[in-house]
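First the structure, in the form of structure tokens, and then the observations on it.
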């Protein structure tokens with residue numbers, strides 16, 4: 108945790124030109140979230156910074172337990188932060204009273220994984236979609252009805268379902284209602300936490316297209332959290348890779364996905380099963396890049412968080428935490444947190460260490 | 211591929227009687243698997259792929275009100291006709307199964323070592339101490355570190371990936387000839403998925419066990435299976451070797467499934483192409499091609515008659531009228547929808 112947060116000490120998912128310049132609708136700065144558990148205190152989010160510009164999608168990837176959902180909740184001010192700030196359109200959300208915060212909420216909205224769980228089963232589709240407007244006291248009755256109709260059209264819900272209950276809708280339609288609810292207040296930022304992972308493949312494609320179109324049409328800034336890297340790559344302009352509460356690599360989606368520098372990012376990408384002839388061989392490679400299991404947050408490794416699973420780890424990795432470094436050729440957007448990234452890229456890294464035990468028989 | 215098949219499924223039908231009428235979940239499915247073969251079964255939810263697998267072992271609740279017909283020859287016996295006692299021996303014995311959520315199939319109150327040992331005593335007639343040490347050995351074989359200690363723990367102390375390994379060790383405990391894996395990695399992180407897929411592949415080879423893997427993800431099939439069959443509305447619409455299918459998908463539904471998901475290797479390539487409409491909720495059983503209402507290439511015949519399976523390449527079958535007509539004309543059968551576009 109960076110208690111003496113010098114500028115640039117936390118890996119910032121975004122442009123390199125530090126400090127001052129206005130950088131977008133959402134600025135997340137050195138956020139720390141801790142929880143007390145039965146086993147002790149854990150740091151779920153450990154000094155994360157990022158920013159989002161209008162019309163831009165930032166994909167956030169990492170294994171379950173890496174802190175990506177907690178970060179989303181911290182940004183939404185749904186869990187308390189121990190440190191750091193979240194600025195939405197130049198307002199520091201952490202300094203607002205409950206009431207003021209509620210008034211800001213319509214500018215930042217969230218789409219959840221399970222559409223059914225987030226919809227009141229007794230409310231009709233149109234009242235569900237209109238609810239955020241009523242809660243925030245936006246518009247008069249006629250204006251609200253117009254906004255609801257517009258939102259329904261934007262997400263591709265036919266007028267005919269306006270009076271139906273959530274239980275009368277398909278899974279895809281339910282998620283469209285969830286999305287319509289979150290855009291009806293005309294937010295600047297949309298935070299999507301695994302919005303398609305509970306849906307069948309054919310429905311996934313429809314919902315991904317809806318989000319894609321909304322981003323373009325409404326000029327939304329979107330934080331898109333998913334464990335499916337193909338979906339993230341498809342939707343994101345930039346991407347940030349999280350591991351044990353920290354961002355370990357960030358950059359434009361094309362840079363990070365075509366030239367990943369962090370061994371963890373390389374392992375994640377290689378693990379994606381692709382429908383081609385090299386599929387099995389690629390998984391063998393992946394197994395050599397991500398060793399063993401995720402360590403417990405109760406006892407995170409010293410130095411580099413990833414070192415216990417990293418085939419390139421050396422004594423240096425255990426001794427000192429790697430600072431974020433800019434990957435030189437990429438115009439300042441691509442950052443990585445690894446002592447050995449240059450050596451790995453050049454093929455001259457220390458040989459994969461002996462802890463690369465074989466997992467299988 | 212020579213010799214007797216291990217599994218021979220012929221004209222399998224499964225009909226559920228529901229409040230809103232019969233649902234033909236499986237509608238005349240036939241296929242074979244050789245010993246040690248690997249077969250991926252792909253389709254959307256409701257295509258009948260899981261029901262097919264459950265029907266092989268008659269794994270339905272009374273409340274499902276399922277009617278099964280056809281035949282399932284496995285190792286010489288017809289599993290649809292043997293008595294319940296013999297079938298129990300096949301389940302978890304010669305045929306192992308793993309599911310998406312291991313927690314629902316593990317007893318939360320029993321240590322994992324005891325659960326594996328119980329199965330060994332039941333199916334392999336082992337004594338108490340022999341079974342206990344074999345259980346530890348099995349946990350080690352599926353890549354669980356410190357198996358002696360872990361054998362004494364309850365399922366909920368294992369992570370999702372480790373739990374799935376426990377399930378696999380339980381499924382292979384009785385040296386099955388066939389392992390059926392129904393969406394075994396859908397709930398797992400991608401790195402853990404990679405480990406489990408490799409493990410399944412390695413076990414198939416080392417234990418000379420056939421693998422039937424049910425999934426919606428062609429990437430998962432490519433990593434683990436030599437053959438693939440695609441199901442729609444209770445029917446097999448395409449069968450091929452996976453290596454053949456990569457760039458020679460014939461059936462418009464298969465092509466639709468392949469184009470449906472963003473492929474990792476393609477950077478943002480515009481909008482995705484969802485298949486319009488939804489699978490019929492009543493399953494198959496109609497007198498037309500069940501996919502015709504969603505197919506961009508459907509013509510009159512598709513709406514009037516059920517298409518036959520036709521050979522469109524070496525060990526490559528497609529149930530599509532476009533393919534059938536082309537085969538009859540003697541013109542090239544491959545990728546008929548390409549021409550139609």
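Protein chains in written order, with the numbering used here: chain A, 108 to 468; chain B, 211 to 551.
Glycine included, each C-beta is placed from N, C-alpha and C at the ideal position.
Practice item. Mind checking who residue 434 (chain B) pairs with in its DSSP beta bridge? Key: Here residue 434 (chain B) refers to the residue found at position 224 when the second chain is read from its first residue. According to DSSP, which records beta bridges pairwise, residue 434 (chain B) is partnered with nothing at all.
Exercise for review: Note down, in chain order, all residues in the region 395-421 of chain B with a beta-carbon under 8 angstroms from any beta-carbon belonging to chain A.
Suggested key: So the list reads 399, 400, 401, 402, 403, 404, 405, 407, 408, 409, 411, 412, 413, 416, given in the order they occur along the chain.
Review point. Hey, which unbroken runs of the beta strand (DSSP E) at 3 residues or more fall wholly within the region 209-241 of chain A?
Key: Segments of the beta strand (DSSP E) lying fully in the region 209-241 of chain A: 215-218.
Exercise for review: List the residues that DSSP assigns as beta-bridge partners of residue 166 (chain A).
Suggested key: Numbered from 1 along the first chain, position 59 holds the residue referred to as residue 166 (chain A). Looking at the DSSP assignment, residue 166 (chain A) forms a beta bridge with A:331, A:346.
Point to revise | Among B:464, B:412, B:234, the one whose alpha carbon lies nearest that of residue 526 (chain B) | key: Sequence index remark: in the second chain, residue 526 (chain B) carries index 316 (1-based). Of the listed residues, the one whose Cα sits closest to residue 526 (chain B) is B:464.
**Study point:** Pairwise C-alpha distance: residue 324 (chain A) and residue 185 (chain A)
**Key:** Here residue 185 (chain A) refers to the residue found at position 78 of the first chain. Here residue 324 (chain A) refers to the residue found at position 217 of the first chain. One C-alpha to the other measures close to 28 angstroms.
Practice item. Indicate, with yes or no, if the ligand PLP has a heavy atom lying under 7 angstroms from the CB of residue 217 (chain B). Key: With respect to the ligand PLP, the structure shown offers nothing to examine, as it has no ligands at all.
Review point. Quick one, which residues of the region 371-386 of chain A are near chain B if we go by CB-CB under 7 angstroms, in chain order?
Key: Going along the region 371-386 of chain A in chain order, one finds 374, 375, 378, 379, 380, 381, 382, 383, 384, 386 with a Cβ nearer than 7 angstroms to chain B.
Point to revise | Rounded straight-line distance, which links the Cα of residue 256 (chain B) to that of residue 485 (chain B) | key: The residue given as residue 485 (chain B) occupies position 275 in the second chain. The residue given as residue 256 (chain B) occupies position 46 in the second chain. Whole-angstrom Cα-Cα distance: 15 angstroms.
Check your understanding: Anyone know if the C-beta pair for residue 453 (chain B) and residue 386 (chain A) falls short of 8 angstroms?
Key -> Taking the second chain and counting its residues from 1, the one referred to as residue 453 (chain B) is at position 243. Taking the first chain and counting its residues from 1, the one referred to as residue 386 (chain A) is at position 279. Contact flag unset, no.
**Study point:** Uninterrupted alpha helix (DSSP H) stretches inside the region 304-358 of chain B (no shorter than 4 residues)
**Key:** Listed in chain order, the complete alpha helix (DSSP H) runs (minimum 4 residues) inside the region 304-358 of chain B are 312-315, 322-334, 338-351.
Practice item. For residue 94 (chain A), count neighbouring C-beta atoms within 10 Å of its own C-beta (all shown protein chains included) and say buried if the count is 16 or more, exposed if not. Key: The structure shown does not extend to residue 94 (chain A), since chain A is modelled only from 108 through 468, so no value can be given for it.
Review point. Who are the neighbours of residue 220 (chain B) on chain A, taking C-beta pairs under 7 angstroms?
Key: Along the second chain, read from residue 1 onward, the residue named residue 220 (chain B) stands at position 10. Going along chain A, no residue has its Cβ under 7 angstroms from residue 220 (chain B), so there is no contact; the nearest lies around 29 angstroms.
Practice item. Scan the region 233-266 of chain A for residues whose Cβ lies nearer than 7 angstroms to a Cβ of chain B and list them as they occur along the chain. Key: none
Review point. With a cut-off of 8 angstroms, does the C-beta of residue 248 (chain B) fall near any C-beta of chain A?
Key: Sequence index remark: in the second chain, residue 248 (chain B) carries index 38 (1-based). For residue 248 (chain B), the answer is no, since every Cβ of chain A falls outside 8 angstroms of its Cβ.
**Study point:** Amino acids of chain A, ordered along the chain, whose beta-carbon sits closer than 7 angstroms to that of residue 453 (chain B)
**Key:** Start at 1 with the first residue of the second chain, and residue 453 (chain B) comes out as number 243. By Cβ distance, chain A contributes 384.
Review point. Mind checking whether residue 353 (chain A) and residue 153 (chain A) have CB atoms under 8 angstroms apart?
Key: In the first chain, residue 353 (chain A) corresponds to position 246, counting from 1. In the first chain, residue 153 (chain A) corresponds to position 46, counting from 1. Going by C-beta atoms, residue 353 (chain A) is nearer than 8 angstroms to residue 153 (chain A).
Check your understanding: Is residue 261 (chain B) closer than 8 angstroms to residue 241 (chain B) when the C-beta atoms are compared?
Key -> Counting from one through the second chain, the residue named residue 241 (chain B) turns up at place 31. Counting from one through the second chain, the residue named residue 261 (chain B) turns up at place 51. No, the pair does not count as a contact, with Cβ atoms beyond the cut-off.
Check your understanding: Three or more beta-carbon pairs under 8 angstroms between the region 238-254 of chain B and the region 440-458 of chain A, yes or no?
Key -> no
Point to revise | C-alpha gap between residue 417 (chain A) and residue 530 (chain B), whole angstroms | key: Within the first chain, residue 417 (chain A) is the residue found at index 310, counting from 1. Within the second chain, residue 530 (chain B) is the residue found at index 320, counting from 1. Looking at the two C-alpha atoms, the distance is approximately 49 angstroms.
Check your understanding: Within the 8 angstroms Cβ cut-off, does residue 322 (chain A) reach chain B?
Key -> The count along the first chain starts at 1 and reaches residue 322 (chain A) at position 215. By this cut-off, residue 322 (chain A) is not an interface position.
Point to revise | Partner residues on chain A for residue 429 (chain B), Cβ-Cβ distance less than 8 angstroms | key: Taking the second chain and counting its residues from 1, the one referred to as residue 429 (chain B) is at position 219. Ordered by position in chain A, the residues that pass the 8 angstroms Cβ test against residue 429 (chain B) are 379, 380, 381, 382, 386.
**Study point:** Partner residues on chain B for residue 212 (chain A), Cβ-Cβ distance less than 9 angstroms
**Key:** To locate residue 212 (chain A), count along the first chain from 1; it is residue 105. Those within 9 angstroms of residue 212 (chain A) in chain B number zero; the least Cβ separation is about 30 angstroms.
Exercise for review: Determine the chain B residues that contact residue 315 (chain A) at a beta-carbon separation under 8 angstroms, and present them in chain order.
Suggested key: Along the first chain, one-based indexing puts residue 315 (chain A) at 208. Result: 472, 482.
Review point. Taking 8 angstroms as the CB-CB cut-off, is residue 380 (chain B) touching chain A?
Key: Here residue 380 (chain B) corresponds to residue number 170 of the second chain, with the count starting at 1. Closer than 8 angstroms: no.
**Study point:** Limits of the unbroken alpha helix (DSSP H) element including residue 592 (chain B)
**Key:** In the structure as shown, chain B begins at 211 and stops at 551. Residue 592 (chain B) is therefore absent and cannot be evaluated.
Review point. In terms of alpha-carbon separation, which member of A:362, A:255, A:395 lies closest to residue 377 (chain A)?
Key: Stepping through the first chain from its first residue, residue 377 (chain A) is reached at position 270. Of A:362, A:255, A:395, the residue nearest in Cα terms is A:395.
Practice item. Could you tell me which of B:532, B:314, B:475, B:226 sits nearest to residue 376 (chain B), measuring between CA atoms? Key: Your numbering for residue 376 (chain B) matches position 166 in the second chain. Ranking B:532, B:314, B:475, B:226 by Cα distance to residue 376 (chain B) puts B:314 first.
Check your understanding: In three-state terms, what does DSSP make of residue 442 (chain B)?
Key -> As a first step, residue 442 (chain B) is located in the second chain; it is residue number 232 there, counting from the start. Note: residue 442 (chain B) maps to strand in three-state DSSP.
Exercise for review: Look up residue 460 (chain B) in the DSSP assignment and give the residues it is bridged to.
Suggested key: Numbered from its first residue, the second chain carries residue 460 (chain B) at position 250. Paired residue(s): none; residue 460 (chain B) is not in a bridge.
Point to revise | Nonlocal neighbours in the same chain, by C-beta distance under 6 angstroms from residue 399 (chain A), ignoring five residues either side | key: Indexing the first chain from 1 puts residue 399 (chain A) at position 292. Within the same chain, residue 399 (chain A) has close Cβ partners 416.
Review point. How should residue 214 (chain B) be labelled, buried or exposed, when 16 other C-beta atoms within 10 angstroms of its C-beta is the threshold for buried?
Key: In the second chain, residue 214 (chain B) corresponds to position 4, counting from 1. Residue 214 (chain B) is exposed by the Cβ-count criterion.
Review point. Could you give the distance in angstroms between the alpha-carbon of residue 407 (chain A) and the alpha-carbon of residue 430 (chain A)?
Key: As a first step, residue 407 (chain A) is located in the first chain; it is residue number 300 there, counting from the start. As a first step, residue 430 (chain A) is located in the first chain; it is residue number 323 there, counting from the start. Using only the alpha carbons, I get a separation of about 17 angstroms.
Review point. Using a Cβ cut-off of 7 angstroms, which residues of the region 397-430 of chain A contact any Cβ in chain B, in chain order?
Key: 397, 400
Practice item. Spell out whether any CB of chain B is found under 8 angstroms from the CB atom of residue 305 (chain A). Key: Indexing the first chain from 1 puts residue 305 (chain A) at position 198. Not an interface residue.
Check your understanding: At which residue ranges does the region 380-407 of chain A contain complete alpha helix (DSSP H) runs of 4 or more residues, listed in the order of the chain?
Key -> 386-396
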